[in-house]
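Novice: In the numbering used here, the protein residues as written are 2 to 371.
Each residue gets a CB set at the ideal place from its N, CA and C atoms; glycine is no exception.
Please read through the structure below; I'll follow up with questions.
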Ligand code: NAP
Ligand code: FE
């Protein structure tokens, strides 16, 4: 048996974690840049908590709060130039996956001469230390090396990441998700689920990643009734954060698959949030992968508490709704654009050719709202 595992992030998931781990935060440098979106870092209370820690230690900081949902390369270049100008020596990302991913790109670009080509080819051996504080329970970006950015000339998202882009420290406090809108909670929860599910079905799955994935899927199954009834307790928030964390650990080992690769089209062309985009693609993905991984799919359903996939998919539909119908032109364009996502397609069961991708889009469309 060949098993390998690499995940160098120091992780803490507990209440009031930022205050409790203040000493660790202070050790990372002499001047920080905090990278956030417009509102959520402050609304969640995480910004106030971390700046109190920095103030107490007399560590100066600057704020870069221009990260949009699905951050673009242009935005991280602006952030990196600012980091360079301010001579900061560590980066603190606060937010959902968008600010956390942007923080990773800023940390690399700020010390590698703003070289985008080198960034996207993972051709760098240095980055400022990154600290990550999630405010959504979804991406697991606090423990992955990945950063997903919009590349406008390609009309899609691209990702990069190597051993230098793992956050050094992930401080996870479920209370930060309290301020998130209902749809964000639901969509990000499904994103977290897809990480463990796709990772479990990935060609790069290992016995170790499978053990993690199944543990997260079991907890996600426990969360589904409360998510459907919108009963958001502290216990539920904690479980969702756990599912998100484990999902990040899983995809760090296995990568994501065609669900993520295809979902970027829904996000780029229709502005559909990441987790919802993934969810829309689950039905056709399950039907396709079942040919190759029937037993694993059954096992995943079993640990989540479902006797068959149809009932499970109905539950997901109830959380996220249905996509609108695509035109033939859109199916053709989305198919071409999906083929750019070579890594996630290579991780998917079977051999995902252009014909397969086109068929997946067509099947997804059959199930869509008119
Ligand atoms: P997000 O894009 O970071 O945030 C979505 C929205 O939710 C934003 O408007 C944000 O506000 C708001 N929000 C977040 N937390 C909140 C809180 N606690 N209270 C109130 N509002 C809150 O969403 P996400 O789903 O977490 O991240 C998606 C991104 O991550 C995508 O770009 C996706 O491709 C990427 N991703 C990365 C990985 C990885 O391994 N790195 C994995 C999966 C997905 P603000 O704008 O004010 O912040
Ligand atoms: Fe994701």
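Within the stretch 186–258, note down every full alpha helix (DSSP H) run reaching 4 residues or more, in order along the chain.
Specialist: Entirely contained in the stretch 186–258, the alpha helix (DSSP H) runs reaching 4 residues are, in chain order, 208–230 and 235–255.
Novice: Is residue 192 close to the ligand FE? I mean its beta-carbon at under 6 Å from any heavy atom of the ligand.
Specialist: It does: the Cβ of residue 192 is within 6 Å (strictly closer) of some heavy atom of the ligand FE.
Novice: Can you tell me whether DSSP reads residue 56 as helix, strand or coil?
Specialist: Three-state DSSP puts residue 56 in a helix.
Novice: Is the beta carbon of residue 295 within less than 6 Å of some heavy atom of the ligand NAP?
Specialist: No, the beta carbon of residue 295 sits no closer than 6 Å to any heavy atom of the ligand NAP.
Novice: I need the straight-line Cα distance from residue 14 to residue 249, nearest angstrom please.
Specialist: Cα to Cα, the separation comes out at about 14 Å.
Novice: Where are the beta strand (DSSP E) runs, 3 residues long or more, that stay fully inside the stretch 121–190, in chain order?
Specialist: Runs found: 131–135, 148–152, 157–161 and 170–173.
Novice: Shorter than 7 Å from the beta carbon of residue 118 to some beta carbon of chain D?
Specialist: Protein chain content of the structure displayed is limited to a single chain, and chain D is not contained in it.
Novice: Should residue 258 and residue 315 be called a contact, given that it needs their Cβ atoms to be closer than 7 Å?
Specialist: Their beta carbons are not under 7 Å apart, which means residue 258 does not touch residue 315 by this criterion.
Novice: By the 10 Å Cβ neighbour count, where 16 or more other Cβ atoms means buried, how is residue 94 classified, buried or exposed?
Specialist: Residue 94 comes out buried.
Novice: Curious, which full-length alpha helix (DSSP H) runs of at least 4 residues does the stretch 340–370 contain?
Specialist: Within the stretch 340–370, the complete alpha helix (DSSP H) runs of at least 4 residues are 343–348 and 355–367.
Novice: Tell me the DSSP bridge mates of residue 325?
Specialist: Note: residue 325 sits in a beta bridge opposite 370.
Novice: Identify which residue in 165, 229 and 147 has its Cα closest to the Cα of residue 158.
Specialist: Taking only the C-alpha atoms, the option nearest residue 158 is 147.
Novice: In the DSSP assignment, find the unbroken beta strand (DSSP E) run with residue 91 in it and report its ends.
Specialist: Element bounds for residue 91: 91–96.
Novice: In angstroms with no decimal places, state the Cα-to-Cα distance between residue 150 and residue 171.
Specialist: If I take the Cα positions, the gap works out to 21 Å.
Novice: Report the residue from 252, 319, 182 and 57 whose alpha carbon sits nearest the alpha carbon of residue 7.
Specialist: For the residues 252, 319, 182 and 57, the minimum Cα distance to residue 7 belongs to 252.
Novice: In angstroms with no decimal places, state the Cα-to-Cα distance between residue 203 and residue 278.
Specialist: C-alpha separation (whole angstroms): 19 Å.
Novice: Would you say the beta carbon of residue 279 is closer than 6 Å to some non-hydrogen atom of the ligand NAP?
Specialist: No, since every heavy atom of the ligand NAP falls outside the 6 Å radius drawn around the Cβ of residue 279.
Novice: CA-CA distance, residue 274 and residue 281?
Specialist: Taking the straight line from one Cα to the other gives about 11 Å.
Novice: Does the beta-carbon of residue 102, which I'm using as the reference point, lie nearer than 6 Å to any heavy atom of the ligand NAP?
Specialist: Yes, Cβ of residue 102 sits closer than 6 Å to a heavy atom of the ligand NAP.
Novice: Taking residue 261 as the reference, give the member of 344, 17 and 235 with the closest Cα.
Specialist: When each option's Cα is compared against that of residue 261, the closest is 344.
Novice: Residue 246 to residue 144, Cα distance in whole Å?
Specialist: The straight-line gap from Cα to Cα measures roughly 7 Å.
Novice: Quick one: using the 10 Å Cβ neighbour count with 16 as the cut-off for buried, is residue 28 buried or exposed?
Specialist: Exposed, because fewer than 16 other Cβ atoms sit within 10 Å of the Cβ of residue 28.
Novice: Counting pairs of Cβ atoms below 8 Å between the stretch 288–307 and the stretch 228–240, do you hit three or more?
Specialist: Short answer: they don't touch.
Novice: Given the structure, does residue 270 come close to the ligand NAP, in the sense that its CB is under 6 Å from one of the ligand's heavy atoms?
Specialist: Result no, Cβ not under 6 Å from the ligand NAP.
Novice: Inspect the beta-carbon positions of residue 38 and residue 100 and report whether they are closer than 7 Å.
Specialist: Yes, the Cβ-Cβ distance between residue 38 and residue 100 is below 7 Å.
Novice: Would you identify the three-state DSSP class for residue 34, choosing helix, strand or coil?
Specialist: DSSP places residue 34 in strand when its eight states are reduced to three.
Novice: Considering only the alpha carbon of each residue, which of 180, 187, 129 and 186 lies closest to residue 164?
Specialist: Answer by Cα proximity: 129.
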